[in-house]
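All letters in the sequence shown, in the order written, are residues 1434 to 1951 by this note's numbering.
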Amino acid sequence: MRKEFVVRSSSRSRPILAGALAVFLCTLPLLANASVLVSGSARTDFNWLRRAPLNAFGVEDGATNLEGWFDFRGQAEKWDASVRLRIHESAGISDDPPQEEIDRRHLAYRTPDLEIVAGHFYTTFGNGLVLRTIEQRFVTLNRSDRAFNLDRNIDGVMVKLALPQVEGSVISGRPGRTGLSESVVGGAIESRSDDLLQGVDLNLTQFDQVTAGVSFLRAELADPQGGSNFEGREEQDLVSYRLGGNLDAVSGEFEYAEARPTGALRDELFLGRGIARYFRVESGVGDLAVSLEGKSYKDFDFFPYNQPPTLVRTHESALLNRATHVLLPDDERGIQFEALYVPEPFTSFVFNVATADDSEYSKDRKFREVFASGRTEVEELGAGRLALGWSRDRIKFVENRYTAALELEGFVSEEDSIILDLEVQASESLFGDSTIQLAQISFSRAGLGTFSITGEHSNSRTLEKRDWLFAALDLSLSDSVDLTLGYGSRPAGLVCSGGFCFVSPEFDGAEFRLLSRF
């Protein structure tokens, strides 16, 4: 079947498209005698809402959001390149005109020892205290993928060198999309494309057991506060030092970082240098593995180029993950301890404790969470998982929150299974006591997809709507085509993935997503 994509080019995107075409035509002679592999993907997301989220333009009825990506990738020996064309159109959600733009492109030369990238790229220095850029397009909640659309990238040049005992990278460029894209469930773009980032990351390894590293990033900020309070540009330096070791049964790492603003940025926004400390110790003996992590962040709440570890568990339970703690790196200390016990194959137990306090260990404890779960599988019959959690979050004025989640999976055949998820959460807060009940039933066939129905009820007095029902169908139409359909309503709540969190507004409408790879 012939696939046709119709693209309307705006006046802003035509020069970009013409430039990309010219570069492609100029490089054809270089690839004429090379073995070239061309691949790519096309993705379309469409959302229709009965009522759009409240925004600066009020509440709109029948709002729609259409967003599409066309990725093209090519490889020829040690070279590879990619181009992404993004098409976005909203109605009733914002007054932005339709956009068609090339928002991703790169050219790279890669060998086992050397990597040179020009264009958009992602990278992480150390544990993310100095720099971490990432792309996160989806988050899975109760076996259903939902749009997340987080894109933090750098547009510039990156050179990486990897030798037996030395690894290093040098970067220079400007941030691309930093923050959540303007999808229906994603919030708004935070654009800082006028800033300039320059950094170096170096790691040394001795005797295959001891590692040491140093990272440096200079951010030249065109508009530090996102407004016009400063004239000219300000500089901010972030530097970190790492030391780690790996013995037979124990491994660990410690990282210390400083943020050093200058000029008016230092005098008017911060009382001094920002300080961050992070450590990790892990040990495994037999069937038991334990880990302990610690954090101490003071005045380290900067711009979205770095991302310190949150040290809060990402849960499989939707209600537990929705009530998680959001990191406050400007003033926070805490630890996370986790023990994993696997007495036999397909049986495991997890125990986790996470804390977050003011950096001076004030008596008003910010966050406490205790979590335990157990999972087992009976061959050819099914599997079960029970999770229990308690938390206190005084930032959200919640004194006690109790959560229980039960998951039962039955193996109907070698390919078919039925999954039942039941969750209940009771909270005692300043706004009164409340209870949330969630139930989901899913039918899965290996290699084909999953159909799920999710119902939720809340008796919170702060909510106008108390009942939600959502049906989702995730299909794998072929090895290269995936289809997702959804219809119904979902409540507002916190969505977290890989340490990134955002508030997803209430959804009431239909979703459509088509992904095609070639």
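Even glycine gets a Cβ: it sits at the ideal position worked out from N, Cα and C.
As the structure is a prediction and not an experimental result, all values here were calculated from the model.
Review point. With respect to 7 Å, is the separation between the Cβ of D1641 and the closest non-hydrogen atom of the ligand NAP below this value?
Key: As far as ligands go, the structure on display features none, and thus does not contain the ligand NAP.
**Study point:** Of the residues W1823, L1637 and G1606, the one placed nearest V1599, counting alpha carbons only
**Key:** L1637
Exercise for review: Could you check the C-alpha separation between Y1835 and S1922 for me, to the nearest Å?
Suggested key: 25 Å
Point to revise | Nearest neighbour of F1876, chosen from N1560, I1852 and E1749 [CA to CA] | key: I1852
**Study point:** Enclosing alpha helix (DSSP H) for R1755 [first to last residue]
**Key:** A1751 to R1755
Point to revise | Option nearest T1544 by Cα separation, candidates H1521, R1506, V1592 and D1584 | key: V1592
Exercise for review: For the beta strand (DSSP E) containing I1708, list its first residue and its last residue.
Suggested key: G1707 to V1718
Check your understanding: So G1919 is in the beta strand (DSSP E); what residue range does that whole segment cover?
Key -> V1914 to R1923
Check your understanding: Can R1952 and G1646 be called in contact, C-beta distance under 8 Å?
Key -> Nothing about residue 1952 can be read from this structure; the chain reaches only from 1434 to 1951.
Practice item. State yes or no: is the C-beta of D1915 within less than 8 Å of the C-beta of L1948? Key: yes
**Study point:** Below-8 Å beta-carbon distance, A1879 vs any chain C residue
**Key:** Absent from the structure: chain C. Only one protein chain is present.
Review point. What are the partner residues of P1608, as DSSP defines its beta bridges?
Key: I1587
Check your understanding: In this structure, does DSSP put K1593 in helix, strand or coil?
Key -> strand
Point to revise | Spatial distance of S1729 from G1632 (CA atoms) | key: 23 Å
Point to revise | Residue range of the unbroken beta strand (DSSP E) whose run includes G1646 | key: V1643 to L1654
Practice item. State the Cα-Cα distance for the pair L1378 and R1538, rounded to the nearest angstrom. Key: The structure shown does not extend to residue 1378, since the chain is modelled only from 1434 to 1951, so the question has no answer here.
Check your understanding: Taking the continuous beta strand (DSSP E) assigned at Y1738, which residues delimit it?
Key -> Y1738 -> no beta strand (DSSP E), and no H or E assigned at all.
Review point. CA-CA distance, L1761 and I1567?
Key: 20 Å
Review point. CB L1470 to CB G1507, shorter than 8 Å?
Key: yes
**Study point:** Validate contact between the stretch 1709-1722 and the stretch 1745-1759 using beta carbons, cut 8 Å, 3 pairs
**Key:** no
Practice item. Give me the Cα-Cα distance between E1533 and A1805, rounded to the nearest whole angstrom. Key: 48 Å
Review point. If we ignore side chains and look at the alpha-carbon of each, how far apart do T1887 and D1854 end up?
Key: 9 Å
Review point. DSSP three-state call for R1827: helix, strand or coil?
Key: helix
Exercise for review: Compute the beta-carbon to beta-carbon distance between V1811 and S1862, rounded to the nearest angstrom, for a pair I have assumed lies under 8 Å.
Suggested key: So it is not a contact: roughly 39 Å between Cβ atoms.
Exercise for review: Out of V1936, L1725 and V1803, point me to the one whose CA is closest to S1684's CA.
Suggested key: L1725
Point to revise | For L1908, the first and last residue of its enclosing beta strand (DSSP E) | key: D1900 to S1909
Check your understanding: Helix or strand or just coil, what does DSSP make of F1876?
Key -> strand
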